[in-house]
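Working notes, structure below.
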Amino acid sequence: MSDNTRWGADLRLLDNLLRQNDLDVGEDLFVTERLETGQIDLETVVADDNLKQALLLRFLTRRGELEPLGHPTYGSRLFDLLGERNTLANRNRAKLYVLEALAMEPRVAEVLRVTVETNRAEPTQIDISVSLRPIYADTVLNLVFPFFLE
7 MSDNTRWGAD LRLLDNLLRQ NDLDVGEDLF VTERLETGQI DLETVVADDN LKQALLLRFL
67 TRRGELEPLG HPTYGSRLFD LLGERNTLAN RNRAKLYVLE ALAMEPRVAE VLRVTVETNR
127 AEPTQIDISV SLRPIYADTV LNLVFPFFLE
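Going by our numbering, the letters in the sequence shown line up with residues 7 to 156, in that order.
Shown next, in the form of structure tokens:
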């Protein structure tokens, strides 16, 4: 089974999967030009990048925000930490919120590790590292993303 059929394909909504805060309001679709025809298409993500984007979008969406669309549990509670201080208790809350969100993602078979650490260069930023085993996969997927408390 190919990675495309395992996890599907989706439109690219995040420019840089390592830096999710590159998502700018009003610029949420990306295009690519076909070399052979010069036509413009919407850019897609497949395989690991599709799953990474799906997870980041889940983390970036406030839980309950999509309830009017029929998805009341989609999202995460990470936004509850905005304005909070970077303390051990709040980093532990961030870990809990990430684990809750991962438990709701049907493409995650097993969460192996979640760590939340203070970014040394930016004290209001926490770096969240996730290692998981996706469904239909033998390899571990690793994802690191920043979350800004301010």
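The beta carbon of each residue, even a glycine, is placed where N, CA and C say it ideally should be.
Quick caveat: nothing in here was measured; it's all calculated off a predicted structure.
Coarse secondary structure for residue i, derived from DSSP in three states
i: residue 116; result: strand
i: residue 155; result: coil
i: residue 32; result: For residue 32, the pLDDT reaches just 45, beneath the cut-off of 50, and the residue's location in the model is therefore unreliable, although a value from the coordinates is still provided. Residue 32: coil per DSSP, three-state reduction.
i: residue 74; result: helix
i: residue 59; result: helix
i: residue 123; result: strand
i: residue 54; result: helix
i: residue 139; result: strand
i: residue 149; result: strand
i: residue 96; result: helix
i: residue 108; result: helix
i: residue 102; result: helix
Exposed unless 16 or more other CB atoms sit within 10 angstroms - verdict on residue i
i: residue 3; result: The shown model of the chain, from 7 to 156, leaves out residue 3, and the question about it has no answer.
i: residue 132; result: buried
i: residue 165; result: This structure does not reach residue 165, given that the chain is present from 7 up to 156, and the question cannot be answered.
i: residue 155; result: buried
i: residue 148; result: exposed
i: residue 57; result: buried
DSSP bridge partner residues for residue i (one or two, in chain order)
i: residue 85; result: DSSP lists no partner for residue 85.
i: residue 68; result: 82
i: residue 131; result: 154
Expected contact under 8 Å - CB spacing of residue i and residue j to nearest Å
i: residue 140; j: residue 113; result: 6 Å
i: residue 81; j: residue 64; result: 6 Å
i: residue 83; j: residue 111; result: Between residue 111 and residue 83 the Cβ distance is about 15 Å, and since that is not below 8 Å, they are no contact.
i: residue 118; j: residue 138; result: 6 Å
i: residue 79; j: residue 69; result: 7 Å
i: residue 151; j: residue 72; result: 20 Å between Cβ atoms; not a contact.
i: residue 120; j: residue 146; result: Their Cβ separation, rounded to whole angstroms, is 13 Å, which puts residue 120 and residue 146 out of contact at 8 Å.
i: residue 130; j: residue 92; result: 6 Å
Beta carbon proximity, residue i to chain C, threshold 8 Å
i: residue 54; result: Here there is only one protein chain, and chain C is not present.
Neighbourhood of residue i by C-beta distance below 8 Å, restricted to the same chain and skipping five residues each side
i: residue 97; result: 122, 123, 124, 132
Own chain residues within Cβ distance below 7 Å of residue i, not counting five before or after
i: residue 90; result: 96, 155
i: residue 174; result: Outside the displayed range of the chain (7 to 156) lies residue 174, so it cannot be described from this structure.
Sequence-distant residues of its chain with Cβ nearer than 6 Å to residue i (five each side left out)
i: residue 200; result: Residue 200 cannot be examined here, being either before or after the span of the chain that is shown, 7 to 156.
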